[in-house]
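Below is one structure, written out as structure tokens; comments come after it.
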Amino acid sequence: MALIIKNGTIYTASDSYKADIRVDGEKITQIADKITAGKSDEVIDASGLEIYPGAIDVHTHLDMPFMGTVTADDFESGTIAAACGGTTSFVDFAIPAKGQALRETVKIWHKKAEGKSAVDYGFHIAIVEYNERVASEIPAMIEDGITSFKCFLAYKGSLMVTDGEFIGALDLAKKHGALVSIHAENGEMLAYLANKFTAEGKTGPEYHEASHPAMAEGEAVHRGAVLARMAGVPLYIVHTSCKEALDEIKVAMADQQVIFSETCPQYLLLSNKLYHGNGFEAAKWVMSPPLRDEENNQIMWNAVRDGFVKVIATDHCSFNFKGQKEAGLSSFAKIPNGAPGIGDRVNLIYSHGVAKGKISKNKFAEVMSTNPAKIFG
Numbered sequence: 074m075a076l077i078i079k080n081g082t083i084y085t086a087s088d089s090y091k092a093d094i095r096v097d098g099e100k101i102t103q104i105a106d107k108i109t110a111g112k113s114d115e116v117i118d119a120s121g122l123e124i125y126p127g128a129i130d131v132h133t134h135l136d137m138p139f140m141g142t143v144t145a146d147d148f149e150s151g152t153i154a155a156a157c158g159g160t161t162s163f164v165d166f167a168i169p170a171k172g173q174a175l176r177e178t179v180k181i182w183h184k185k186a187e188g189k190s191a192v193d194y195g196f197h198i199a200i201v202e203y204n205e206r207v208a209s210e211i212p213a214m215i216e217d218g219i220t221s222f223k224c225f226l227a228y229k230g231s232l233m234v235t236d237g238e239f240i241g242a243l244d245l246a247k248k249h250g251a252l253v254s255i256h257a258e259n260g261e262m263l264a265y266l267a268n269k270f271t272a273e274g275k276t277g278p279e280y281h282e283a284s285h286p287a288m289a290e291g292e293a294v295h296r297g298a299v300l301a302r303m304a305g306v307p308l309y310i311v312h313t314s315c316k317e318a319l320d321e322i323k324v325a326m327a328d329q330q331v332i333f334s335e336t337c338p339q340y341l342l343l344s345n346k347l348y349h350g351n352g353f354e355a356a357k358w359v360m361s362p363p364l365r366d367e368e369n370n371q372i373m374w375n376a377v378r379d380g381f382v383k384v385i386a387t388d389h390c391s392f393n394f395k396g397q398k399e400a401g402l403s404s405f406a407k408i409p410n411g412a413p414g415i416g417d418r419v420n421l422i423y424s425h426g427v428a429k430g431k432i433s434k435n436k437f438a439e440v441m442s443t444n445p446a447k448i449f450g
């Protein structure tokens, strides 16, 4: 028995057209003007409805140990939310402990996901240190199909790599055709500001924002782009949030450098006003980078529309307010960084982007599905 979807309008990154769709099992096997259904086929009449490719979220953190706790969503709850919200594939980050073999890390993450995930999934690997051992392991990871690696330029003392380690990862990526992504914030600046505010007794969640200024993001994007240009490789920049970062991306792209920029719904729809006047409730929105102002919200929408931002992902990294975010009651520096989004991204971007005229239906398909597939497929 096949599933036949009839009379809908299909939107891709480049086209829109009315057609019927045949699905056998879990695969689309035919798209045509008219498909005749068999007696045993299930038929859905999509007259007047729009059909898009399944959304792909290339930035999630499920069942991830972080800041003394573990993210609230595992590969069951997180992917059920994804499926309900229109996301049919995602790429999570396998993050090793210092000294842990990359292959062992991937095995651990596969074990987290096996038998639980409601949708298709893959993995990136985080590079939290770069040395001869890590360099020797990366080619085997690429052969196994993991071709993207993330370097953190932030989180000093835990995930952050040095510039030398970052250059090593870029060089190896060039040799083996892999893609490196970065969390672009200046970790030294963030650590300095966090220590400064703490010493001054400024410990509320609003000081998380103050300790993560836009200039720290802009500097790290600039540094990442310069080092990637030196190495002669493309660079993917996760969760871009502000003008300072975009300005550096635009300069690099004008120089014909291959830069892929990602943003997330929170940097399009929420503002830093949430950090003020809400007491400790503001901890709910503590994430890195932090929320920016409303002017930056519009700047990011324009960047999506104009092609400077290639992907809208989520950085889904959920923590419960009770029992997890509350770990930072004494200091913003102890609040687990992150917020959810995997279940809401599609509806949010369509409702606030397409329906309000900020982006086209084709652009919606492009940044939610086509570009993620092209970049990481």
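Residues in the sequence shown are numbered from 74 upward in steps of one, following this note's numbering. Using N, Cα and C, we set each Cβ at its ideal position, and we do this for glycine too. Just so you know, these numbers come straight off a predicted model, no measurement behind them.
Inspect the CB distances between the segment 327-346 and the segment 368-380 and report whether three or more fall short of 8 Å. yes
Taking 7 Å as the cut-off, decide whether the C-beta atoms of E273 and H349 are in contact. As a working mapping, residue 273 is identified with position 200 in the sequence shown. As a working mapping, residue 349 is identified with position 276 in the sequence shown. Cβ atoms of E273 and H349: not closer than 7 Å.
Close beta carbons around A400, own chain, < 8 Å, minus the five adjacent residues each side: Looking up residue 400 in the sequence shown gives position 327. Once the five neighbours on either side are set aside, the close Cβ partners of A400 are M140, G141, T142, K407, I408, P409.
For H183, count neighbouring Cβ atoms within 10 angstroms of its own Cβ and tell me buried if that reaches 16, exposed if not. Residue mapping note: residue 183 aligns to position 110 of the sequence shown, counting from 1. Its Cβ having fewer than 16 others within 10 Å, H183 is exposed.
Exposed or buried, M441, counting other C-beta atoms within 10 Å across all chains shown (16 or more means buried)? Stepping through the sequence shown from its first residue, residue 441 is reached at position 368. By the neighbour-count rule (16 or more Cβ atoms within 10 Å), M441 is buried.
What number of angstroms, rounded off, separates the C-alpha of C390 from the C-alpha of A287? For the purposes of this step, residue 390 is taken as the residue at position 317 of the sequence shown. For the purposes of this step, residue 287 is taken as the residue at position 214 of the sequence shown. If I take the Cα positions, the gap works out to 21 Å.
Taking buried to mean at least 16 other C-beta atoms within 10 Å of its own C-beta, is E439 buried or exposed? Sequence index remark: in the sequence shown, residue 439 carries index 366 (1-based). Classification of E439: buried, given that the 10 Å Cβ count is 16 or more.
For R95, three-class secondary structure by DSSP: Taking the sequence shown and counting its residues from 1, one reaches residue 95 at position 22. Looking at R95 - three-state DSSP - the assignment turns out to be strand.
Please state the DSSP three-state secondary structure of I215. What you label residue 215 is simply residue 142 of the sequence shown in a count that begins at 1. Correct three-state label for I215: helix.
Is the beta carbon of N351 within less than 6 Å of some heavy atom of the ligand COA? Judged by which ligands are present, the structure shown has none, so any question about the ligand COA falls away.
Start-end ranges of the alpha helix (DSSP H) lying completely within the segment 293-350, minimum 4 residues: 316-327, 338-342
For M233, three-class secondary structure by DSSP: The residue labelled residue 233 in the question sits at position 160 within the sequence shown. Strand.
Enumerate, from N- to C-terminal direction, the unbroken alpha helix (DSSP H) stretches of 4 or more residues contained entirely within the segment 394-437. 418-422
Counterpart residues of E123 in DSSP-defined beta bridges: By one-based count along the sequence shown, residue 123 stands at place 50. For E123, which the question treats as bridged, DSSP gives the partners T82.
Do K229 and G260 have their C-beta atoms closer together than 7 Å? Locating residue 229 in the sequence shown gives position 156, counting from the first residue. Locating residue 260 in the sequence shown gives position 187, counting from the first residue. Yes, the pair counts as a contact, with Cβ atoms nearer than the cut-off.
In the DSSP assignment, the alpha helix (DSSP H) including D379 goes from what residue to what residue? Counting from one through the sequence shown, the residue named residue 379 turns up at place 306. Unbroken alpha helix (DSSP H) run through D379: 367-379.
Nearest residue (CA-CA) to S451, options F225, N204, K269: Shown here, the chain extends from 74 to 450; a query on residue 451 therefore has no answer.
T313 versus S433: straight-line alpha-carbon distance, rounded: Translated into positions along the sequence shown, residue 313 becomes position 240. Translated into positions along the sequence shown, residue 433 becomes position 360. Whole-angstrom Cα-Cα distance: 21 Å.
Tell me the residue span of the beta strand (DSSP E) that contains F225. Translated into the one-based positions of the sequence shown, residue 225 becomes position 152. If you look at F225, you'll find it in the beta strand (DSSP E) that goes 221-225.
Let me check one thing: in DSSP terms, what residues is T133 bridge-paired to? Start at 1 with the first residue of the sequence shown, and residue 133 comes out as number 60. Note: T133 sits in a beta bridge opposite D165, H389.
Among all the DSSP beta bridges, which residues are the ones paired with V143? Numbered from 1 along the sequence shown, position 70 holds the residue referred to as residue 143. Answer is P138.
For V131 versus T161, is the C-beta distance shorter than 7 Å? By 1-based counting over the sequence shown, the position of residue 131 is 58. By 1-based counting over the sequence shown, the position of residue 161 is 88. It is not a contact, given that the beta carbons lie outside the stated cut-off.
Alpha helix (DSSP H) containing S254: first to last residue? Along the sequence shown, read from residue 1 onward, the residue named residue 254 stands at position 181. Counting along the chain, S254 falls outside any alpha helix (DSSP H), though it belongs to the beta strand (DSSP E) covering 252-256.
Determine the contact status of G195 and G416, defining contact as a CB-CB distance below 7 Å. By 1-based counting over the sequence shown, the position of residue 195 is 122. By 1-based counting over the sequence shown, the position of residue 416 is 343. At least 7 Å separates the beta-carbon of G195 from that of G416.
Where do the N-terminal and C-terminal ends of the alpha helix (DSSP H) with C155 fall, by residue? Taking the sequence shown and counting its residues from 1, one reaches residue 155 at position 82. Note on residue identity: the sequence assigns Ala, not Cys, to residue 155. Looking at the DSSP string, the run of the alpha helix (DSSP H) that includes A155 is 150-157.
On the DSSP letters alone, give me the boundaries of the beta strand (DSSP E) that F196 sits inside. Counting from one through the sequence shown, the residue named residue 196 turns up at place 123. Taken as a continuous stretch (DSSP letters only), the beta strand (DSSP E) holding F196 covers 193-200.
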